[in-house]
Structures are given as C-alpha cells and as structure tokens.
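S.K.:
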Amino acid sequence: MTELGNRLKEARLAQGLSLDDLQTMTKIQKRYLVGIEEGNYSSMPGNFYVRAFIKQYAEALNLNPDEIFETYKTEIPASYNDELPQQLSRVKTHKPITGENSKIFNVLPKIIIAVFVIGIASLIYYFVSTYAGSDTNESVSKGNEQVKIEKSKSLEKVKADEIEKKKDSNKEKEAAKPEEEKTPVEETPKQELTVVQSSGTNSTYDLKNADKFVVKLVSKGQTWVSIKNGNGKTFYQGTLKTGDTESQIVDLSAESTAVIRVGNAADTEIYVNDQMLEYAIPATANVQNITIQYVLKNE
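Those letters in the sequence shown? Residues 18 to 316, by our numbering.
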C-alpha cells in the first residue's frame, strides 16, 4: 500500500464512509477505489483515468487535489507517458478494408450513376405526361363546349317549334268548340203584395214571395192606428203624430194574418217589408180596415 493510498483511506474512515458510500458519491467502481487505496493502478484503463479517479476521490473527502498531486507526484503516474501510444495503437487497430469491401466501393459509383439517370428519366416522363395530358384535356373540353353550344341551340329551336304547334292546336280547338249555352241564373222572385178584394172600408191583400213580414206605419200629420193578428191579438194601438211618435214598426213574420185599422188614411203611409202599400180604397175614406194575408213560399 502506498502513502497516498494510506492517506486517502484514513481520511475516508475518519469521515465514517465505506467504499460503497464513496462509490455512490463519486460514481467510480469499487474495484477502482480499492486499487487507488492499495496503489494498484494496473486494473485501471490508463494513467489518465488514474489521475481522474484520484482527483474525484480527494474532492469527495474535501481534500485539495492539487496538494495531493504535488505531494505524491512520485507515486501518481504521469498523464501522457503511456496515454499517447495507447491512442495511436487504437488508431492503428482499425480493421483493414477487405477485398469484398473494395469490390463494393468499386460498384457503388456505378449504382449511384444508374439511380441518378433513372431519376432524371422519371422526372422528364412526369413533365411530358403532365403537359401532354393538360393539352389533351383542354382540347377535349373545347370540343365538348362546342358540342354543348350546338346542342343547346338545336334544343331551343325544337322547343320553340313545339310551343308554336301547341298554340296553333289550342286555337283550332277553340275555333271548333261550340259555344256553350249560358246557364240562366235563376232570379229570386220579387215580393208580391196584391189586392184580393175590397168592399166599403175593408180591403184584403195577399203577401207572397216574402222571407219576412214586417209592417211599418208612418204618419204625416196625426192619425190613430192599431195592428192586430188574425186572432185579435193587439201588437200596437195608439196615435202617431208628426214631431212626436211619427212611425211604428211591428215584426209579424210569425203570423199568417195582420189586421191594420187606420183612422186617417190620407196622412198615413203603410209599408210591408219596405214596400209601400197602395190603398185599394181611395184615401179619402179616412177610416179603413186593411187585412194582409202572409202566404209562405212553400205553400
């Protein structure tokens, strides 16, 4: 064991560190640490690694590496004494090129040239096919456009001829078609208010074709009037006077007969459904009894 190995080992033990602890700290294999402590450097890769491992060992124990190298320089191998020959020997130990490898290197340029030529040929073919294809497509598209234009014109002409034929056909049909007879519109029959009989101061009327039976009495002066049904039921009785109660309206649609008595016929107008009744007896006969018979449509 060397003096350097003793000093490093004592410093390690003084700090309570084992070789395993030191291996963990420095990442140096344990067998190399043992070699440093025993001064056995032959197990290490070279002098460079001997000096490097001693430096890491000293730094791990907080020792000054420079002072260690200076104090024990006779025990520590120089870093370049045998390192350079080893490196040179490593360069010389490269595997020489065999005959087979030399053949490959001879053929390789030819392969590269062949690949290059094939690539150029492929590129030329691509450009030629692309441009030729585009020209062909353009010519085809132009031809298609011309065909489409001619076809559309011919179709328009055919359609126009068909339209004209349809028009002529419709005109012929209209000319040949007999005139349809107009269906006569049935007119609603007008209301009829006719005199059935008259005698003295009594007169009788029939009301036909009427949907309702509304009687209106209007006074132009002053008159006494009464309105009853055929059974004697009174609907109105009183005096009508201009400026006061001038008129009276009575709906008799539910009745079949109306009996109207007028005390001053000359100043009294009678309306049946807005149709003025014409006195069958001259109005000079002031008192008149007028009977109106309401005849329903279905009778």
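By construction, the Cβ of each residue, glycine as well, lies at the ideal position given by its N, Cα and C atoms.
In this text the structure is predicted, and so the values were computed from the model without any measurement.
Following the continuous beta strand (DSSP E) through Gly255, name the residue where it begins and the one where it ends.
M.R.: Counting along the chain, the beta strand (DSSP E) containing Gly255 begins and ends at Thr251 to Lys258.
S.K.: Based on DSSP bridge pairs, tell me the residues matched to Asn219.
M.R.: Answer is Ser216 and Asn306, bridged to Asn219.
S.K.: Shortest alpha-carbon distance to Gln305 belongs to which of Met293, Val279 and Ser243?
M.R.: Closest option to Gln305, Cα to Cα, is Val279.
S.K.: Indicate the three-state DSSP secondary structure (helix, strand or coil) for Tyr311 in the structure shown.
M.R.: Correct three-state label for Tyr311: strand.
S.K.: Do you know offhand how far Ser139's Cα is from Leu125's?
M.R.: Rounded to whole angstroms, Ser139 to Leu125 spans 21 Å at the Cα level.
S.K.: Could you name the residues that DSSP lists as bridge partners for Arg24?
M.R.: None; Arg24 has no bridge partner.
S.K.: Give every residue of the same chain whose Cβ lies closer than 7 Å to the Cβ of Gln32, excluding the five residues on either side of it in the sequence, and list them in chain order.
M.R.: Closer than 7 Å at Cβ, skipping near neighbours: Leu78.
S.K.: Please state whether the Cβ-Cβ distance between Val242 and Ile266 is less than 8 Å.
M.R.: It is not a contact, given that the beta carbons lie outside the stated cut-off.
S.K.: Write down the C-beta distance between Ser53 and Phe70 rounded to the nearest angstrom, noting that I regard them as a contact closer than 8 Å.
M.R.: The residue you asked about is not Ser; residue 53 is Ile in the sequence shown. Rounded, the Cβ-Cβ distance is 6 Å, consistent with contact.
S.K.: Could you check where the alpha helix (DSSP H) with Ile85 kicks off and where it finishes?
M.R.: First-last of the alpha helix (DSSP H) with Ile85: Pro82 to Thr88.
S.K.: Just how far apart, CA to CA, sit Ser106 and Asp38?
M.R.: Note on Ser106: pLDDT 41, under 50, position unreliable in the model; no value is reported.
S.K.: Could you name the residues of the same chain whose beta carbon sits closer than 8 Å to that of Glu92, not counting the 5 residues immediately before and after it, in chain order?
M.R.: Excluding residues within five positions, the ones whose Cβ falls inside 8 Å are Thr19, Glu20, Leu21 and Gly56.
S.K.: Would you list the residues sitting across from Met293 in a DSSP beta bridge?
M.R.: Met293 is bridged to Tyr288.
S.K.: Helix, strand or coil for Gln46 per DSSP?
M.R.: In this structure, Gln46 counts as coil in the three-state DSSP scheme.
S.K.: Give the secondary structure of Leu34 by DSSP, where H, G and I count as helix, E and B as strand, and everything else as coil.
M.R.: Correct three-state label for Leu34: coil.
S.K.: Out of Lys233, Ser264 and Ser273, point me to the one whose CA is closest to Asn246's CA.
M.R.: Asn246 has its Cα closest to that of Ser273, out of Lys233, Ser264 and Ser273.
S.K.: Near Asp223, which residues of its chain fall below 6 Å by C-beta distance, leaving aside the five closest residues on each side in sequence?
M.R.: Within the same chain, Asp223 has close Cβ partners Thr211, Val213, Gln310 and Val312.
S.K.: Could you tell me whether the Cβ atoms of Ser264 and Val235 are closer together than 8 Å?
M.R.: Against a cut-off of 8 Å, the Cβ pair of Val235 and Ser264 comes out as a contact.
S.K.: Under the three-state reduction of DSSP, which class applies to Leu105: helix, strand or coil?
M.R.: Residue confidence is low: Leu105 scores 40 on pLDDT, short of 50, so the model does not pin down where it sits. Its coordinate-derived value is still stated next. In this structure, Leu105 counts as helix in the three-state DSSP scheme.
S.K.: Assuming Ile277 is part of the alpha helix (DSSP H), what are its boundary residues?
M.R.: Looking at the DSSP string, Ile277 is not in any alpha helix (DSSP H); the run it does join, the beta strand (DSSP E), is Thr274 to Val279.
S.K.: For the beta strand (DSSP E) containing Gln239, list its first residue and its last residue.
M.R.: Its beta strand (DSSP E) spans residues Gln239 to Asn246.
S.K.: Decide if Val132 is buried, meaning its Cβ has at least 16 other Cβ atoms within 10 Å, or exposed.
M.R.: Label assigned to Val132: exposed.
S.K.: Terminal residues of the continuous alpha helix (DSSP H) containing Gln265?
M.R.: Segment Ser264 to Asp268 is the beta strand (DSSP E) holding Gln265; no alpha helix (DSSP H) there.
S.K.: From Tyr66 to Glu27, what distance separates their C-alpha atoms?
M.R.: Those two C-alpha atoms are separated by around 22 Å.
S.K.: For Ala283 versus Ala300, is the C-beta distance shorter than 8 Å?
M.R.: In this structure, Ala300 lies closer than 8 Å to Ala283 by Cβ.
S.K.: Just to confirm before moving on: does the CB-CB distance between Thr240 and Thr308 stay below 8 Å?
M.R.: Their beta carbons are not under 8 Å apart, which means Thr240 does not touch Thr308 by this criterion.
S.K.: In its own chain, which residues sit with a C-beta less than 6 Å from the C-beta of Arg48, not counting the 5 before and 5 after it?
M.R.: Excluding residues within five positions, none has a Cβ falling inside 6 Å.
S.K.: Is the beta carbon of Ser215 sitting closer than 8 Å to the one on Ile298?
M.R.: Yes, the pair counts as a contact, with Cβ atoms nearer than the cut-off.
S.K.: Taking only three categories from DSSP, how would you classify Glu209?
M.R.: The answer is strand: DSSP assigns Glu209 an E or B state.
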